[in-house]
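First the structure, in the form of structure tokens, and then the observations on it.
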Amino acid sequence: MKYRPIDLSGVKTYPLGERQNKVTVAEHFARPVSAGMGVADLLAALPDQLGSRDLLRVIDVVVAARTKGKPVVMAMGAHVLKCGLQPVLKSLIEADVITAVALNGAGAVHDYELSLIGATSEDVGAVLHCGTFGMAEETGRDINRAVREGVAAGLGFGESVGRFIIARQNPCREYSLLATCVEREIPVTVHVALGTDIIHQHPTADGAVIGQASYTDFRILASVVAELGDGGVYLNVGSAVLLPEVFLKALSIAQNLGHHVDHFTTANFDMQQHYRPLQNVVKRPTSGQSRGYTITGHHEIMLPLLAAGILDRLR
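Structure, rendered in structure tokens:
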């Protein structure tokens with residue numbers, strides 16, 4: 001059957017001024033940007049829209065959390081450290097903004113190498129097929145020793161490596177996030193999946209020791225998560241699988257033990273949004289009276305902007 005074009009002559013319209021709009025010049029547009037703008041003026045110039053709106057709200061809740069004395073936890077994948085953001089993160093720690101740090105195993109590896117030689121990030125493709133990938137002597141030897149000695153003293157993975165860096169006076173230790181946390185006496189935990197990190201390839205690796213160190217850190221993180229209720233903030237930055245899963249289990253333990261973990265905020269910062277951070281950080285944990293945000297962008301751009309906004313408002 002052949003159809004004729006529909007007749008539009010009877011379509012009803014109404015005046016544009018009567019329509020409800022989601023965007024208005026007066027409320028939602030950006031403001032002009034000028035040379036020499038300070039942080040506060042730049043943030044105020046952002047449009048009240050989508051990602052910029054959410055970024056400003058995350059800045060607000062972090063400032064509110066610290067004003068109230070509630071924890072702000074920064075959980076990070078290793079790429080965040082490879083981007084050279086330790087000085088930015090260190091400024092937040094020293095300003096008493098970040099009160100706990102969680103890393104994956106690769107984060108600890110990059111952090112240690114930076115503390116030792118001021119460089120990291122191997123060219124994997126260039127060396128994989130010749131069998132030398134991940135075989136740098138000092139990295140495996142030192143981290144595995146640090147963890148072994150730390151476990152003997154009852155410490156977790158993060159504190160063990162941080163203390164080792166300080167005790168050995170690694171030449172570039174001022175760039176170590178682990179050492180900074182130990183010096184500032186804030187929890188720093190490392191959550192390891194055995195077989196994922198180059199130090200597991202070395203003859204000095206001990207699976208039982210690594211497991212014990214990481215398990216201690218999991219329990220420490222659960223204690224931190226138990227304090228998030230009524231105003232705390234949990235930020236997941238650049239971890240697509242491991243740390244979102246660890247956070248969900250730590251939260252479950254806290255709730256099971258009777259801690260009231262509600263009325264808090266989560267946010268996931270990443271270059272693209274993945275399933276587990278969305279579910280295990282942004283949505284499921286905040287399904288009560290909490291709130292979750294997603295901020296999409298490159299870490300090397302978004303974290304300095306976040307830090308500048310927080311520090312400016314706290315000032």
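Using full-length UniProt numbering, you'd call the opening residue of the sequence shown number 1 and step up by one each time.
We treat Cβ as the ideally placed atom computed from N, Cα and C, and that holds for glycine.
Handout entry: Extent of the continuous beta strand (DSSP E) run through isoleucine 295
Key = Per DSSP, isoleucine 295 is one residue of the beta strand (DSSP E) stretching across 291–296.
Exercise for the section: Can you tell me which of Val97, Gly36 and Gly118 puts its alpha carbon nearest to the alpha carbon of valine 58? Expected result: Comparing Cα-Cα distances from valine 58 to each of Val97, Gly36 and Gly118, the minimum goes to Val97.
Practice task
Quick one: which unbroken alpha helix (DSSP H) runs of 4-plus residues sit fully inside the region 29–94? Chain order, please.
Solution key: The region 29–94 is shown to contain whole alpha helix (DSSP H) runs of 4 or more residues at 39–45, 50–68, 78–82 and 86–94, in chain order.
Exercise for the section: Give the secondary structure of lysine 189 by DSSP, where H, G and I count as helix, E and B as strand, and everything else as coil. Expected result: Note that residue 189 corresponds to threonine in the displayed sequence, not to lysine. Annotated three-state conformation of threonine 189 is strand, per DSSP.
Practice task
Report the partner residues of threonine 266 according to the DSSP bridge assignment.
Solution key: Assignment of beta-bridge partners to threonine 266 by DSSP yields Tyr234 and Gly292.
Exercise for the section: Give the range of the beta strand (DSSP E) segment to which valine 241 is assigned. Expected result: Looking at the DSSP string, valine 241 is not in any beta strand (DSSP E), and its letter there is neither H nor E.
Practice task
Drop a sphere of 10 angstroms on the beta-carbon of histidine 299, count the other beta-carbons inside from all chains shown, and report buried for 16 or more, exposed for fewer.
Solution key: In the assembly as shown, histidine 299 is a buried residue. Its beta-carbon has 16 or more other beta-carbons within 10 Å.
Practice task
Identify every residue that forms a DSSP beta bridge with alanine 100.
Solution key: Its beta-bridge partners are Val73.
Exercise for the section: Compute the beta-carbon to beta-carbon distance between phenylalanine 157 and aspartate 217, rounded to the nearest angstrom, for a pair I have assumed lies under 8 Å. Expected result: With a Cβ gap of about 5 Å, phenylalanine 157 and aspartate 217 count as contacting.
Practice task
Look at the alpha carbon of leucine 85 and the alpha carbon of cysteine 130, and state the distance between them as a whole number of angstroms.
Solution key: In a straight line, the C-alpha of leucine 85 is about 31 Å away from that of cysteine 130.
Problem - Separation of lysine 70 from leucine 56, as counted between CA atoms - result: Taking the straight line joining both Cα atoms gives about 19 Å.
Problem - Backbone secondary structure at proline 304 - three-state DSSP - result: Note: proline 304 maps to helix in three-state DSSP.
Practice task
Consult DSSP for lysine 283 and reduce its assignment to one of helix, strand or coil.
Solution key: Judged by DSSP in its simplified three-state form, lysine 283 adopts helix.
Practice task
Along the alpha helix (DSSP H) that carries alanine 179, what are the first and last residues, could you check?
Solution key: First-last of the alpha helix (DSSP H) with alanine 179: 177–184.
Handout entry: Same chain, Cβ closer than 6 Å to tyrosine 215, five either side skipped, listed in chain order
Key = There are no such residues.
Practice task
With a cut-off of 8 Å on the beta carbons, I'd call leucine 114 and tyrosine 175 a contact; round off their distance for me.
Solution key: Confirmed, about 5 Å.
Exercise for the section: For the alpha helix (DSSP H) holding residue 317, just list the boundary residues, first then last. Expected result: The displayed coordinates of the chain run from 1 to 315. Any statement about residue 317 would go beyond what the structure contains.
Practice task
Taking glutamine 279 as the reference, give the member of Gly297, Ser239, His259 and Leu311 with the closest Cα.
Solution key: Closest option to glutamine 279, judged by alpha-carbon separation, among Gly297, Ser239, His259 and Leu311: Ser239.
Practice task
Please work out which residues of its chain come closer than 6 Å, Cβ to Cβ, to valine 237, disregarding the five sequence neighbours upstream and downstream, and give them in chain order.
Solution key: Within the same chain, valine 237 has close Cβ partners Met76, Val80 and Phe269.
Exercise for the section: Would you kindly work out how many angstroms separate the C-alpha atoms of tyrosine 275 and threonine 13, rounded to a whole number? Expected result: Spanning the two alpha carbons is a distance of roughly 42 Å.
Practice task
Could you give the DSSP three-state label for aspartate 197: helix, strand or coil?
Solution key: Three-state DSSP puts aspartate 197 in coil, outside helix and strand.
Practice task
Return the chain-ordered list of same chain residues with a C-beta closer than 7 Å to the C-beta of residue 322, the five sequence neighbours on each side being excluded.
Solution key: Since the first residue shown for the chain is 1 and the last is 315, residue 322 is missing from the structure and cannot be characterised.
Problem - Where leucine 242 falls, given that 16 or more other Cβ within 10 Å makes a residue buried - result: When all chains shown are included, leucine 242 counts as buried.
Exercise for the section: List the whole-angstrom C-beta distance separating glycine 229 from histidine 260, where the pair is believed to meet the contact cut-off of C-beta under 8 Å. Expected result: At roughly 5 Å, the Cβ-Cβ gap stays under 8 Å, so glycine 229 and histidine 260 are in contact.
Handout entry: Nonlocal neighbours in the same chain, by C-beta distance under 8 Å from serine 121, ignoring five residues either side
Key = Excluding residues within five positions, the ones whose Cβ falls inside 8 Å are Lys82 and His110.
Problem - Reduced DSSP category for asparagine 256 - H, G, I as helix; E, B as strand; rest coil - result: Reduced to three states, the DSSP call for asparagine 256 is helix.
Practice task
Might you give, ordered along the chain, the residues of its own chain that have their beta carbon closer than 7 Å to the beta carbon of valine 224, omitting 5 neighbours on each side?
Solution key: Cβ neighbours of valine 224 beyond the five flanking positions: Pro71, Val73, Ala100 and Pro187.
Handout entry: Beta-carbon proximity of valine 263 to serine 290, cut-off 9 Å
Key = Residue 263 is actually histidine in this sequence, not valine. In this structure, histidine 263 sits near serine 290, with a CB-CB distance shorter than 9 Å.
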